[in-house]
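Some notes on the structure that comes next.
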């Protein structure tokens with residue numbers, strides 16, 4: 002078993018290049034899982050990073066983990082008008098990678114018997130909180146994890162302040178107010194629709210159910226078992 006982690010800085014400028022780079026990088030590596038840290042493959046990674054990021058204002062760090070240990074490769078700069086290069090110690094904004102953790106926490110809660118995938122999300126919210134539905138179909142936990150709830154990209158009652166202040170100031174009461182007023186454009190489960198507010202709602206109800214902060218859930222149920 003192995004895990005690959007990757008990140009990029011100045012993503013808005015280099016997004017297309019970054020996505021293509023990931024696809025090119027993972028293609029040759031996928032066939033060597035049995036001997037993941039063979040020297041020739043380390044050379045492939047190093048050469049790839051140097052080719053695509055050594056002269057770029059973006060950077061990439063690739064972390065490899067398997068049963069034999071771990072290894073980190075990095076190249077490029079922070080892209081903040083400095084010559085500082087990215088390394089294994091560089092802190093990247095995790096962004097929507099956290100959505101993967103949120104969904105994993107849901108499946109772990111299901112495994113523990115704490116929740117069920119087809120449970121309506123309303124089941125885990127305080128009394129009086131109205132959750133939108135359409136044609137009698139309620140939003141389930143699975144709908145939220147699969148990004149098919151029908152909820153929008155962002156709630157329409159967020160502040161007009163720039164990112165990340167608009168996210169940091171958004172409260173549970175704001176979320177409840179949004180849910181109570183929102184009308185779904187389609188039935189849940191019909192079509193994929195990327196939703197920050199939907200995934201936030203999923204993380205929120207898991208906090209309510211377990212009585213633990215989101216960060217504590219990630220550490221206790223994902224990070225520590227893998228350490």
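Numbering (our numbering), first residue to last: 2 to 228.
Glycine included, every Cβ here is placed at the ideal spot set by N, Cα and C.
**Asked** Per the contact definition of three or more C-beta pairs closer than 8 Å, is the stretch 214-228 in contact with the stretch 171-186?
**Response** Verdict: no, contact absent.
**Message:** Using C-beta distances below 7 Å, list every residue in its chain close to residue 101, excluding the 5 sequence neighbours before and after it, in chain order.
**Reply:** Nothing listed; no residue qualifies.
**Message:** Tell me the residue span of the alpha helix (DSSP H) that contains residue 205.
**Reply:** Residue 205 -> alpha helix (DSSP H) spans 197-211.
**Message:** Suppose the cutoff is 7 Å on Cβ atoms and the five residues either side in sequence are ignored; what does the same chain contact list for residue 111 look like?
**Reply:** The beta carbon of residue 111 sits closer than 7 Å to the beta carbons of 117 and 118 from its chain, once the five residues preceding and following it are set aside; these are given in chain order.
**Message:** So residue 151 and residue 186 are supposed to be a Cβ contact under 8 Å. How far apart are they, rounded?
**Reply:** Right, the Cβ-Cβ distance comes to about 6 Å (below 8 Å), so this counts as a contact.
**Message:** Here's the rule I'm using: 16 or more other beta-carbon atoms within 10 Å means buried, otherwise exposed. How should residue 149 be labelled?
**Reply:** Answer is buried; the Cβ neighbour count reaches 16.
**Prompt:** Beta-carbon separation of residue 89 and residue 63 under 8 Å?
**Reply:** Not closer than 8 Å, so no.
**Asked** DSSP on residue 112, reduced to helix/strand/coil?
**Response** Secondary structure at residue 112: helix, using DSSP grouped into helix, strand and coil.
**Asked** What is the DSSP secondary structure of residue 78, reduced to helix, strand or coil?
**Response** Residue 78: strand per DSSP, three-state reduction.
**Beta-carbon proximity list for residue 155, same chain, < 7 Å, skipping 5 on both sides** = So the list reads 197 and 198, once near-sequence residues are dropped.
**residue 221 in three-state terms, based on DSSP** = When secondary structure is reduced to three states using DSSP, residue 221 falls in the helix class.
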